[in-house]
Amino acid sequence: MKIALAQFNPTVGDFFGNSARMLEMAASAKSQGADLVIFSELCLCGYPPQDLVERPAFLERNQKSLAALAAQMPMPAIVGYVGKAQHDMGKPAANCAAFIRDGKVAFKQRKMLLPTYDVFDESRYFQPAESQSNYSFEDQRLGITICEDCWNDKDFWKQRLYDRDPVAELAGQGTTILINISASPYGLDKRNFRMDMLRSLARRHKLPVIYVNQVGGNDSLVFDGSSFAFDAAGNLAALAHSFEDDIIIFDSATGSGDIRPQPSDELEAAYRALVCGTRDYVRKCGFSKGVIGLSGGIDSALVAAIAVDALGPGNVIGVSMPGPYSSKDSLVDAAQLAQNLDIQYSVIPIDEIFQTYRKALCAAFANQCEDVAEENIQARVRGNLLMALSNKFGSMVLSTGNKSEYAVGYTTLYGDMAGGLAVISDVPKSMVYELARLVNRKRELIPAGSITKPPSAELRPNQTDQDTLPPYDVLDRILKAYVEDLRSPEEIASHYEFPLQLVRDVARMVDRSEYKRKQAPPGLKITSKAFSVGRRFPLANKFIP
79 MKIALAQFNP TVGDFFGNSA RMLEMAASAK SQGADLVIFS ELCLCGYPPQ
129 DLVERPAFLE RNQKSLAALA AQMPMPAIVG YVGKAQHDMG KPAANCAAFI
179 RDGKVAFKQR KMLLPTYDVF DESRYFQPAE SQSNYSFEDQ RLGITICEDC
229 WNDKDFWKQR LYDRDPVAEL AGQGTTILIN ISASPYGLDK RNFRMDMLRS
279 LARRHKLPVI YVNQVGGNDS LVFDGSSFAF DAAGNLAALA HSFEDDIIIF
329 DSATGSGDIR PQPSDELEAA YRALVCGTRD YVRKCGFSKG VIGLSGGIDS
379 ALVAAIAVDA LGPGNVIGVS MPGPYSSKDS LVDAAQLAQN LDIQYSVIPI
429 DEIFQTYRKA LCAAFANQCE DVAEENIQAR VRGNLLMALS NKFGSMVLST
479 GNKSEYAVGY TTLYGDMAGG LAVISDVPKS MVYELARLVN RKRELIPAGS
529 ITKPPSAELR PNQTDQDTLP PYDVLDRILK AYVEDLRSPE EIASHYEFPL
579 QLVRDVARMV DRSEYKRKQA PPGLKITSKA FSVGRRFPLA NKFIP
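Numbering (our numbering), first residue to last: 79 to 623.
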């Protein structure tokens with residue numbers, strides 16, 4: 079049997095557009111000789127639908143759209159959608175897969191394991207399946223599972239989260255081909271992890287395994303696609319592109335299929351994830367252009383490069399807003415970057431506006447020393463100007479703060495945090511440099527000066543980030559251990575042989591800055607734990623680790 083793995087980029091709530099894309103891909107799969115086409119988890123409504131699931135009209139639209147899709151589907155297909163729960167008790171909805179053939183839904187399978195960790199909260203919306211069963215098609219017994227249903231193999235996981243294993247149960251019923259439809263977000267090294275996990279299932283149960291994943295960005299989440307198939311021995315037989323729509327064919331009889339080129343390394347995959355997420359967030363929110371404050375530093379330069387790859391150079395506006403402490407080199411680097419990227423560029427000085435603010439506050443600030451308040455005025459003036467440009471020209475402001483800055487509060491509320499999307503808010507500063515060098519692999523787009531000069535907010539004379547922060551190679555190791563790995567300051571200090579007081583100071587900055595991050599624009603998640611989604615801490619709390 080020839081099986082088409084069809085990964086595409088759905089938009090949440092766009093039933094008509096998602097259905098049209100599936101019909102188009104099914105027609106293409108049929109023309110390639112496929113007997114069955116498989117789409118991803120909740121592809122009919124888009125993933126994640128979040129609280130839309132709680133609206134009766136949304137649930138009803140899923141049913142009607144599925145029936146309409148089935149009537150038009152040119153070949154047998156597996157489609158993910160929000161269905162009705164099995165029982166009246168509990169949640170009214172279920173995360174479902176439908177097997178479509180001959181113009182109707184011939185079989186339904188509900189998701190059994192509902193994740194509630196990290197970015198997932200499916201128990202909030204769905205009733206879990208009580209049982210699973212195979213579906214007979216073309217002399218095969220198909221075991222259809224949905225995402226998390228494959229993530230509980232006792233031979234792969236040291237500690238399992240659930241007491242049931244849907245894959246083992248289906249295999250015990252005589253499954254001959256295991257299918258998993260998924261909406262698994264991208265994370266660093268996650269593509270390889272998924273493949274290792276599904277390869278383990280293929281070898282353990284001696285079954286071909288087919289995995290179809292969603293692709294594209296929805297809000298903070300980016301889905302890489304990277305769909306694949308293994309033969310019964312765990313050999314890779316088919317592999318789709320990452321971060322783009324694709325159809326690949328897997329022949330279950332020969333154990334062979336299409337294998338597409340992949341990103342050269344995980345750094346390139348991360349960059350492509352940021353491009354994909356930026357493109358989809360901007361466009362799915364109804365914008366076509368992005369506007370960026372260009373400081374001449376590495377962060378804004380990287381965001382501009384990502385925006386150009388996501389939206390095209392004609393849809394990116396760079397704005398330099400020099401203040402009283404902006405260096406000449408920074409202005410030169412900002413202008414050179416705009417020229418290299420071939421984007422629209424303008425200069426709006428803020429000196430006069432800054433002095434006007436200071437004059438207005440003169441009486442209120444009488445007899446007070448200058449401090450961070452005056453510094454932040456400059457950042458807020460810039461934020462105001464960028465939002466004015468956004469309002470006037472319908473361009474989304476792309477903010478430029480990185481994860482290291484967001485972690486310790488080295489950002490200004492209503493200033494450099496202003497914007498519609500925080501493109502690199504989940505990219506540590508050390509990785510910003512790596513990505514900048516990636517951008518420059520073929521030719522210098524980001525000026526060398528932006529990469530080599532000491533990082534600085536340039537809000538006071540001769541300021542550098544390391545006036546108040548440890549070096550970023552030290553800071554980022556502390557932050558990963560504290561934020562992503564949930565290590566205590568004592569554990570971190572002991573492991574890295576850092577001064578304990580330094581680690582405690584960093585941890586305190588992270589905890590005290592939670593209120594800022596709660597008011598930040600959404601950011602794109604690429605690490606195991608992002609500030610924008612999947613991490614929930616109370617703002618008012620007195621717990622000290």
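C-beta: ideal position from N, C-alpha, C; glycine also.
Fair warning: this is a prediction, and the values are worked out from it, not measured in the lab.
Looking at the DSSP output, R179 bridges to K182. Sorting S398, L314, V505 by C-alpha distance to the C-alpha of L467 places S398 at the top.
The three-state secondary structure of M190, taken from DSSP, is coil. In the DSSP assignment, F308 falls within the beta strand (DSSP E) that extends over 306-308. Assigned with DSSP and collapsed to three states, I556 falls in helix. Note that the C-beta distance between N454 and G493 is below 8 Å.
In this structure, V115 places its C-beta atom within 8 Å of the C-beta atom of A84. C447 and C440 have their C-alpha atoms roughly 12 Å apart. L256 has its alpha-carbon roughly 14 Å from the corresponding atom of E226.
Sixteen is the threshold: since fewer than 16 other Cβ atoms of the shown chains lie within 10 Å of the Cβ of S201, the residue is exposed.
Judged by DSSP secondary structure, I570 falls within the alpha helix (DSSP H) whose first and last residues are 567-574. Residue pairing by DSSP puts Q85 in a beta bridge opposite D324. Beta-carbon to beta-carbon, C228 and L276 are separated by about 7 Å, close enough to satisfy the 8 Å threshold.
For the region 451-486, the continuous alpha helix (DSSP H) assignments of 4+ residues that do not extend past its boundaries occur at 481-486, in sequence order. Take D243, set aside five residues on each side of it, and the residues of its chain with a beta-carbon closer than 6 Å to its own are N230, in chain order. In the displayed model, K367 falls within a strand according to three-state DSSP.
Of all C-beta pairs linking the region 481-499 to the region 519-530, fewer than three are shorter than 8 Å, placing the two stretches out of contact. Bridge pairing for P263: F301 [DSSP]. The DSSP-derived three-state label of D329 is strand. Assigned with DSSP and collapsed to three states, L120 falls in coil, not helix or strand. When the five nearest sequence neighbours on each side are left out, the beta carbons in the same chain lying within less than 8 Å of the beta carbon of G252 are those of N212, R219, in order along the chain. By the Cβ rule, the region 332-351 does not count as touching the region 360-378, because fewer than three pairs are nearer than 8 Å. With fewer than 16 other Cβ atoms inside 10 Å of its own Cβ, E208 counts as exposed.
Less than 8 Å divides the Cβ of A514 from the Cβ of I376. With fewer than 16 other beta carbons inside 10 angstroms of its own, G392 counts as exposed. Residue S366 holds the alpha-carbon nearest to the alpha-carbon of L476 among S366, L101, L279, I326. Beta-bridge analysis with DSSP links K162 to A171.
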